[in-house]
Amino acid sequence: MSSVVFDRVDVSVPVPGQDRKPLLTGINLELTERRIAIIGSNGSGKSTLLRLINGLVTPTSGQVLVNNLGTAAKGGKVRRLVGFVFTDPLSQLVMPTVLEDVELSLRAHTHRSQRRTVAEQVLERFSLLPLAEQSIYDLSGGERQLLALATVLAVDPEILVADEPTTLLDLRNRDKIGRLLAGLPQQVIVSTHDLELAADADRVLVVDQGMVVFDGAPGEAVSFYRQLATAEVPR
Ligand SMILES: Nc1ncnc2c1ncn2[C@@H]1O[C@H](COP(=O)(O)OP(=O)(O)OP(=O)(O)O)[C@@H](O)[C@H]1O
Ligand SMILES: [Mg+2]
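Going from the sequence shown to our numbering is simple: count from 1 and add 10.
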């Protein structure tokens with residue numbers, strides 16, 4: 011079973027001429043459930059929290075442990091365990107064509123002679139095979155988001171972390187990704203503004219102003235978040 015532990019984690023950044031700006035404060039979590047969603051308003055700290063899981067951000071104080079490996083000291087090992095899907099697919103798609111991007115992702119895992127065949131199987135699984143030879147710049151936003159997920163899942167990470175994986179998707183593709191995430195054998199941790207996607211999780215964290223303000227079942231978490239958002243309107 012995979013586990014992600016946040017142990018008294020604070021993250022802050024320096025601001026010239028001022029006090030450090032806190033991004034996350036006092037995060038204590040033990041995440042062992044298979045499906046975890048993080049919801050909260052823009053700028054609340056969701057992406058920062060996810061980035062801590064693969065060591066893209068390291069704590070200013072405290073520690074994050076992935077399967078007992080500290081992300082600060084063991085970043086390389088942690089990143090081999092954690093597949094990370096960014097909100098902006100273009101930040102992780104680098105090759106000229108769709109097929110080449112999946113092949114690149116397979117480089118360290120699949121022998122060269124097998125790479126094309128395996129890459130085509132991955133594209134088939136995501137219904138992207140007809141676009142194999144297309145430039146990543148000529149894909150729609152949703153197709154790019156699917157491809158970004160496909161390239162990360164191609165190497166079968168132990169934990170999948172996805173930052174708003176359905177943001178750009180139409181209803182059909184959103185449902186497809188929702189079903190795909192629900193059916194994955196690995197632990198999946200997503201941040202999302204898609205409250206239906208959050209409703210499928212085993213556990214939902216609500217983040218507000220850099221703190222986890224609710225942690226529990228999806229229905230209660232979504233109601234909590236709705237109340238928080240309504241209360242914030244006059245601000
Ligand atoms: N490296 C950084 N330096 C300064 N401020 C930062 C840095 N990274 C994030 N922030 C700030 O921290 C806050 C939280 O950012 P984060 O990206 O985690 O929010 P979020 O909850 O993912 O928001 P969204 O829903 O808009 O994606 C924001 O105010 C952001 O501007
Ligand atoms: Mg974000």
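Here a beta-carbon is modelled for each residue, glycine too, at the ideal position from N, C-alpha and C. For clarity, every value in this text was computed on a predicted model and none was experimentally measured.
Each of 56, 57, 97, 173, 174 and 201 has a C-beta closer than 7 Å to some heavy atom of ligand 2; these make up the full list, in chain order.
Boundaries of the beta strand (DSSP E) harbouring residue 40: 31-41, taken from the DSSP string. Taking a cut-off of 8 Å on C-beta distances, the segment 45-60 touches the segment 211-228, as three or more cross pairs fall below it. Between the alpha carbons of residue 96 and residue 170 lies a distance of about 11 Å. The alpha-carbon of residue 159 is positioned some 33 Å away from that of residue 240. Between ligand 1 and the CB of residue 132, the shortest heavy atom gap is not smaller than 6 Å.
For residue 225, the pairing in a beta bridge is given by DSSP as 215. For residue 63, the enclosing alpha helix (DSSP H) stretches over residues 56-63. In the DSSP assignment, residue 93 falls within the unbroken beta strand (DSSP E) covering 92-95. Just measuring C-alpha positions, the residue of 123, 40 and 186 sitting nearest residue 19 is 40.
In summary, residue 182 is exposed, with fewer than 16 beta-carbon neighbours lying within 10 Å of its beta-carbon over all protein chains present.
The beta carbon of residue 229 sits closer than 8 Å to those of 209, all from its chain and outside the five residues before and after it, given in chain order. Counting C-beta atoms within 10 angstroms of its own C-beta, residue 38 has fewer than 16 neighbours from the protein chains shown and is therefore classed as exposed. Residue 178 sits in coil when the DSSP states are folded into three classes, being neither helix nor strand. In terms of CA proximity to residue 71, 21 leads the group 142, 128 and 21. Beta-bridge partners assigned by DSSP to residue 107: 145. In the structure shown, residue 79 adopts extended strand secondary structure according to DSSP, grouped into three states. By the criterion of a C-beta distance shorter than 7 Å, residue 173 is surrounded in its chain by 57, 60, 95, 96, 97 and 201, once the five residues flanking it on both sides are discounted. Closest in alpha carbon position to residue 214, among 31, 112, 231 and 203, is 231. Shown here, residue 132 sits in a helix according to DSSP, grouped into three states. In the structure shown, residue 13 adopts coil according to DSSP, grouped into three states. Membership of residue 172 in the beta strand (DSSP E) is indicated by the continuous run 169-173. By the criterion of at least three beta-carbon pairs nearer than 8 Å, the segment 70-88 is not in contact with the segment 99-111. Short of 8 Å from the beta carbon of residue 125, and not among the five residues preceding or following it, lie these beta carbons of its own chain, in chain order: 113, 116 and 117.
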